[in-house]
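Count along the sequence shown from 1, then add 101; that gives the number in my numbering. Beta carbons: idealized from backbone N, C-alpha and C, even for Gly. Owing to the predicted nature of the structure, the values given are computational and were not obtained by experimental measurement. Report on one structure; see the data block that follows.
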Amino acid sequence: MSLVELIAQADERGLAASGLACLDRCVPLLGGDDEVLRPLWASLADGSEWVAGLEKARGALGPAQAGEDEAEQLAHRMLDAAPADRTAEAIRAWADACSVASLRIHRLLDPAAGGSSEADDPEAGREGGASDASPLVAAELRRQVVVLELLAEHGSNGLRRALDVSIEGRRILQAVVSRRARSRG
Numbered sequence: 102m103s104l105v106e107l108i109a110q111a112d113e114r115g116l117a118a119s120g121l122a123c124l125d126r127c128v129p130l131l132g133g134d135d136e137v138l139r140p141l142w143a144s145l146a147d148g149s150e151w152v153a154g155l156e157k158a159r160g161a162l163g164p165a166q167a168g169e170d171e172a173e174q175l176a177h178r179m180l181d182a183a184p185a186d187r188t189a190e191a192i193r194a195w196a197d198a199c200s201v202a203s204l205r206i207h208r209l210l211d212p213a214a215g216g217s218s219e220a221d222d223p224e225a226g227r228e229g230g231a232s233d234a235s236p237l238v239a240a241e242l243r244r245q246v247v248v249l250e251l252l253a254e255h256g257s258n259g260l261r262r263a264l265d266v267s268i269e270g271r272r273i274l275q276a277v278v279s280r281r282a283r284s285r286g
């Protein structure tokens, strides 16, 4: 099943986990630590207050700043667009937008792609079509599919594994961001 189909069929928890996982993997661009989104993950697991965790994360990560590059702007937009109302309709739109933004971020940061956002279309991969995605984008696409499949197959029991998949992706993106900072400095 394609990523687009998985998003279309996911329930509210799966959609929230999908969007949150995309944002979580991009936290290194926002200067956040590994714990900044934990309250949101916890709210998915135990049904606690989503809005409080969202406001805490926004406060910790701060607003977008002038001079941010496109990848950083996209990451801030994901955070800013997270809906306070965790209905399936609101979360579905956010999860879909996060999927596209995260793939674009990975495309911009992929050293094998030279930072180009024009060379390949992540939408082709999302729809299950043939994609000449760069390695970082292909890995992100796989992670997004895995998160949705875990939640579809295991419900709330899949959250821990979805978080593990997200942590793995965050560490990879952190290495890419660190390498990029060293090459710029």
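Go ahead and label residue i buried or exposed: buried means 16 or more other beta carbons lie within 10 angstroms of its beta carbon, across all protein chains shown.
{"i": "H207", "result": "buried"}
{"i": "D125", "result": "buried"}
{"i": "G148", "result": "exposed"}
Rounding to the nearest angstrom, what Cα-Cα distance links residue i and residue j in this structure?
{"i": "Q174", "j": "A165", "result": "7 Å"}
{"i": "L180", "j": "S267", "result": "16 Å"}
{"i": "E113", "j": "V105", "result": "15 Å"}
{"i": "P44", "j": "A253", "result": "Here the chain covers residues 102 to 286 and nothing more, so residue 44 does not appear."}
When DSSP labels each residue in this structure, what does residue i get in the three-state scheme?
{"i": "A146", "result": "helix"}
{"i": "G166", "result": "The sequence given here has Gln at residue 166, not Gly. The answer is coil: DSSP assigns Q166 none of H, G, I, E or B."}
{"i": "M179", "result": "helix"}
{"i": "G259", "result": "helix"}
{"i": "S284", "result": "helix"}
{"i": "D265", "result": "helix"}
{"i": "R187", "result": "coil"}
{"i": "D125", "result": "helix"}
Tell me whether the beta-carbon of residue i lies closer than 8 Å to the beta-carbon of residue j.
{"i": "A202", "j": "I108", "result": "no"}
{"i": "L155", "j": "G133", "result": "no"}
{"i": "S200", "j": "C123", "result": "yes"}
{"i": "L116", "j": "L138", "result": "no"}
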